[in-house]
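Take a look at the structure:
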């Protein structure tokens, strides 16, 4: 029998103009490769539309949202304190980074609280999912239901029978709506399926987790509208040569943005790292040349890490500049400032910066630690292992203030650091209790104070 074909139009993702057929350039705004296919009237909808009348804002009282612990403290931290019922969450990460492992372990923690979890593994067979659960040694599996369906209609048919509290879809790029003629993973399929999941989450108060693929440049695959639909966007990344995995919140309507959770990959799955500062500094036990400790802030968490610098005389006409885990433009800027105001001769040196452990730091407060590491390596002077640095350096050589000063100082003191070098402008923001404690706080006004 012939199936009824659904009429579709092509809409511009930039200006919203429509076209009856696909074309490379939008005739209205002139943008290229921005037309995506969308059905005029999808015949499938898993929920019944509830008619609501507009109400006054003063008469609308917010409903209390009781957060539910996922059983993983680092994940709870990134989500803002736990899982909110009815939330819509998207997780992106590179292949093999541990996204499915993280959600399976989360499913175990939720099932122990008598919550039903429906895990749709559209990329793997049921045997593969069960083998992963066995390898992770998941104990309580009574409230975890699994399926490998890719059809959106069949998924919601199972949902009506199970009535889960949490729905996990792995991944959104493999789910398809049969009413659309386009292939799974296309922009039109991802947008329509994501829209159906969003309506389901908000109408049934069911928390929905989506796993998304990423492109070669590290962006989430699919339309940009996908990130606007969800309540929370999580990024799970890490260097494949290191066991560390970092979970970041890029968008969160229920908590802080740029919050970070640290995990360690092992044979038994992901293990939480409750003290990442000590974890990243465990091999730094003596005074080293070109090695400086920096107190960073990731979200609301203070994190101590090591910055290593190496300066060598260059025999090339253009000296080399290499960074790992840091922005190379920051190295160019700090080297120019040191040459201009301290005259230490870095312009004819090959310079290398490294952030061990697979971390990536973009915070401008790392300027002072980078400058001290370069000076130490150039002059062959070791840096005290119990000292740490943080502060931003501007082009005039002045050291500017940083945020979360007390949190940085408390974290450094907790790990036994005695000397802290920080901007002089932060002095007025500290309480007397912090200043009076047994710490050597060195207030720096300009880059010349490092000498």
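In our numbering, the protein residues as written are 5 to 455.
Beta carbons are placed, not taken as given, at the ideal position from N, Cα and C, and that holds for glycine.
Fair warning: this is a prediction, and the values are worked out from it, not measured in the lab.
Query                                                                                                                                                                     : Result
Rounding to the nearest angstrom, what Cα-Cα distance links residue 395 and residue 243 in this structure?                                                                : 27 Å
Give a yes or no on contact between the region 315–327 and the region 275–286, applying the rule of three or more CB pairs nearer than 8 Å.                               : no
Between which residues of its own chain and residue 98 is the CB-CB distance below 7 Å, once the five residues before and five after are set aside?                       : 218, 241
List, from N- to C-terminal side, the alpha helix (DSSP H) runs of 4 residues or more that fit wholly inside the region 99–159.                                           : 103–115, 130–139
Mapping the DSSP letters down to three states, classify residue 331 as helix, strand or coil.                                                                             : coil
Taking contact to mean at least 3 C-beta pairs separated by less than 8 Å, is the region 215–230 in contact with the region 72–84?                                        : no
Would you decide whether residue 386 is buried or exposed? Buried here means 16 or more other CB atoms lie within 10 Å of its CB.                                         : exposed
Taking the beta strand (DSSP E) that residue 255 falls in, what are its first and last residues?                                                                          : 248–256
Taking a contact to mean a Cβ-Cβ separation below 8 Å, would you say residue 406 touches residue 444 in this structure?                                                   : no
Please classify residue 195: is it buried, with 16 or more other beta-carbons within 10 angstroms of its beta-carbon, or exposed?                                         : buried
For residue 269, which residues of its own chain have a beta-carbon under 7 Å away from its beta-carbon, when the five flanking residues on both sides are left out?      : 102, 247, 249
When the Cα of residue 265 is compared with those of 258, 295, 303, 190, which residue comes out closest?                                                                 : 303
Go ahead and label residue 366 buried or exposed: buried means 16 or more other beta carbons lie within 10 angstroms of its beta carbon, across all protein chains shown. : exposed
Beta strand (DSSP E) containing residue 239: first to last residue?                                                                                                       : 236–241
Can you tell me where the beta strand (DSSP E) with residue 204 in it begins and where it stops?                                                                          : Element bounds for residue 204: not the beta strand (DSSP E) but the alpha helix (DSSP H), 191–208.
Report all residues from its chain with a CB closer than 7 Å to the CB of residue 36; omit the five preceding and five following residues, and keep chain order.          : 28, 29
Determine the direct distance from the alpha carbon of residue 422 to that of residue 435, and round the result to whole angstroms.                                       : 18 Å
By how many angstroms is the C-alpha of residue 24 removed from the C-alpha of residue 214?                                                                               : 31 Å
On the CB-based measure, 16 or more other CB atoms within 10 Å of its CB, does residue 351 come out buried or exposed?                                                    : exposed
Candidates 309, 236, 245: which alpha carbon is nearest residue 256's?                                                                                                    : 236
Once the 5 residues before and after residue 288 are set aside, which same chain residues still bring their CB inside 6 Å of it?                                          : 310
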